[in-house]
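Numbering (our numbering), first residue to last: 14 to 468.
No residue lacks a Cβ here, since even glycine has one placed at the ideal position from N, Cα and C.
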Amino acid sequence: MTIDGMPRLTPQERAERRRVQAELAADLKASGALDGVFARIDAGEPLTGDSGVLGGMLKAALERGLEAELTDHVGYDKGAVDAAEYDNSRNGHYAKTVSSEIGDIELRVPRDRAGTFTPMLVGKGQRRLDGIDGMIISLYAGGMTLRDIAHHLATTVGVDLSHETISKIVDAVADEVLAWQRRPLEPIYPVIYLDAITVKIKDGGHVVNKAANLAVGVDMEGIKHVLGIWVQTHEGAKFWAGVCADLANRGVQDVLIVCCDGLTGFPEAIAATWPAATVQTCVVHLIRASMRFVSYGDRKAVAAAVKPIYTASSEEDALAALEAFRDGPWGSKYPSAVRSFQAAWDRFTPFLAFPPALRRVIYTTNAIESLNYQLRKVTKNRGHFPNDAAAVKLLWLAICNIEDKRARDREKERGLPAADRRASGRLIQGAVTTNWKAALAQLALVYPDRIEPHL
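Okay, here's the thing in structure tokens:
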């Protein structure tokens, strides 16, 4: 996982891993140790599955390691003539099945007569090698249901795990999610964006639609961070007061501008937690709302007609542009577009007081909307979630998975000319806000007493 401090290999570590693996592969080829394996593969034997070559190699390697562990435990080599002189001794084997990325492996695990041998390579009670857990979590983060994962593992790598086992593996990340959701935050975020995605969650005997709200904060360096995910349990100020209190308790002392989409009770909760913060409606949401009842053929013309409103240099000019639109042909034909701006006017006008570079940073929550688009692709495969925590867990895993995939794509293209690179940059987590230095300079002019102590 890579979100906010979760481990990921650095480019130098990856380069070292590639070097070590290349040397090892070259040495094995040169020694002839793999000639027999290559011959069996060339003869058509499968690599994975119950009779796969890789499964046999892994079984041999694990059993040899377990025998070495027992030798160290009892103090003598297998077949040693002086074995009777030792207090403990070997006592045969027992069968054990472990799941791996290449199929189920049937092991003969050695045991000692005293019953004190505890193997470390494949521990007591362990039924899966580490890689299979990571594979399951990755598939879950991609949107597959637990039963889909069970079928996928059975048909692709020959691993037969129950629905309950897979559920336990996925549930094991709950502690990581909780730690992430409670991690300390920066004392100030100049800008916070807030948007939501609708998810279906079981509530009592019914499945209801709930809003999973995501907050993205821009720190003093212009870097974006997903601050948290909150499932809306009830409407209004009480819920938002809890969200703001959570952020404040985790260290957020001040927020300059919060960009959201007209959430009921949210401005009041912001004012109670950070009285000096400015709540700004998302201008893109406002434009979409004004176009909701405009016919397709007229949209381009109406969009051009409302543009002078949100590009005005001041509130007075914007009001004049709105009145001109209202009295014009398009305002007469689509009065709902006029009402959209009038209803949101108090939340829209703070945007007009800022200079152009800062406007470009705060005018829209599109940054989160791009993330939400990716998250909807993950959640659409799910009928519903059993509870709020399950929804938060999947969304967190999906964010990690999205950023991991993009990081891998960028790593593959490392060293290529810029014109040949096709990999996407960071989506949200760790992304740098465009033109942030110019925006920060203007924030320092508008809010000198609140910005300068953190510079």
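Neighbourhood of residue i by C-beta, 6 Å cutoff - its chain only, sequence neighbours within 5 removed
i, result
"Ser437", "Arg419"
"Thr291", "Ile270 and Pro363"
"Met233", "His467"
8 Å CB neighbourhood of residue i in its chain, flanking five on each side removed
i, result
"Val244", "Val212, Ile214, Lys223, Ala224, Ala225, Asn226, Asp401, Ala404 and Val405"
"Cys257", "Ala282, Ile283, Ala285, Thr286 and Trp287"
"Leu120", "Lys72, Leu75, Glu76, Leu79, Ala108, Lys109, Thr110, Val111 and Val135"
"Lys346", "Asp311"
Residue i classed as buried or exposed, judged by whether at least 16 other C-beta atoms fall within 10 angstroms
i, result
"Ala454", "exposed"
"His247", "exposed"
"Met133", "exposed"
"Lys450", "exposed"
"Gln293", "buried"
"Arg31", "exposed"
"Val351", "buried"
"Ala334", "buried"
DSSP three-state assignment for residue i, whether helix, strand or coil
i, result
"Asn448", "coil"
"His238", "strand"
"Asp267", "strand"
"Glu58", "coil"
"Gln293", "strand"
"Ser113", "strand"
"His247", "coil"
"Phe364", "helix"
"Gly49", "helix"
"Val351", "helix"
"Pro197", "coil"
"Ala224", "strand"
"Gly128", "coil"
"Ala108", "strand"
"Ile118", "strand"
Whole-number beta carbon distance between residue j and residue i, since they are thought to touch under 8 Å
i, j, result
"Gln139", "Val111", "7 Å"
"Ile210", "Leu388", "5 Å"
"Leu240", "Leu276", "Not quite, the Cβ-Cβ distance comes to about 16 Å (not below 8 Å), so this is no contact."
"Asn448", "Arg373", "6 Å"
"Gly116", "Gly68", "5 Å"
7 Å CB neighbourhood of residue i in its chain, flanking five on each side removed
i, result
"Glu29", "none"
Whole-angstrom distance between residue j and residue i, CA atom to CA atom
i, j, result
"Tyr460", "Ser326", "20 Å"
"Pro430", "Ser64", "45 Å"
"Asp216", "Pro399", "8 Å"
"Val221", "Ile441", "28 Å"
"Asp359", "Ile464", "25 Å"
"Thr168", "Leu83", "35 Å"
"Ala411", "Thr446", "22 Å"
"Leu207", "Gly344", "30 Å"
"Phe130", "Arg124", "6 Å"
"Ser469", "Ala316", "Outside the shown range of the chain, which is 14 to 468, sits residue 469, and nothing can be said about it."
"His86", "Arg126", "12 Å"
"Pro238", "Val204", "A small correction: the amino acid at residue 238 is His; Pro does not occupy that position in the sequence shown. Taking the straight line from one Cα to the other gives about 11 Å."
"Gly264", "Gly396", "36 Å"
"Tyr202", "Ala192", "20 Å"
"Pro20", "Ala357", "In this predicted model, Pro20 has a pLDDT of only 49, less than 50, meaning its place in the structure is not dependable; the value taken from the coordinates is given anyway. Roughly 43 Å separates the two Cα atoms."
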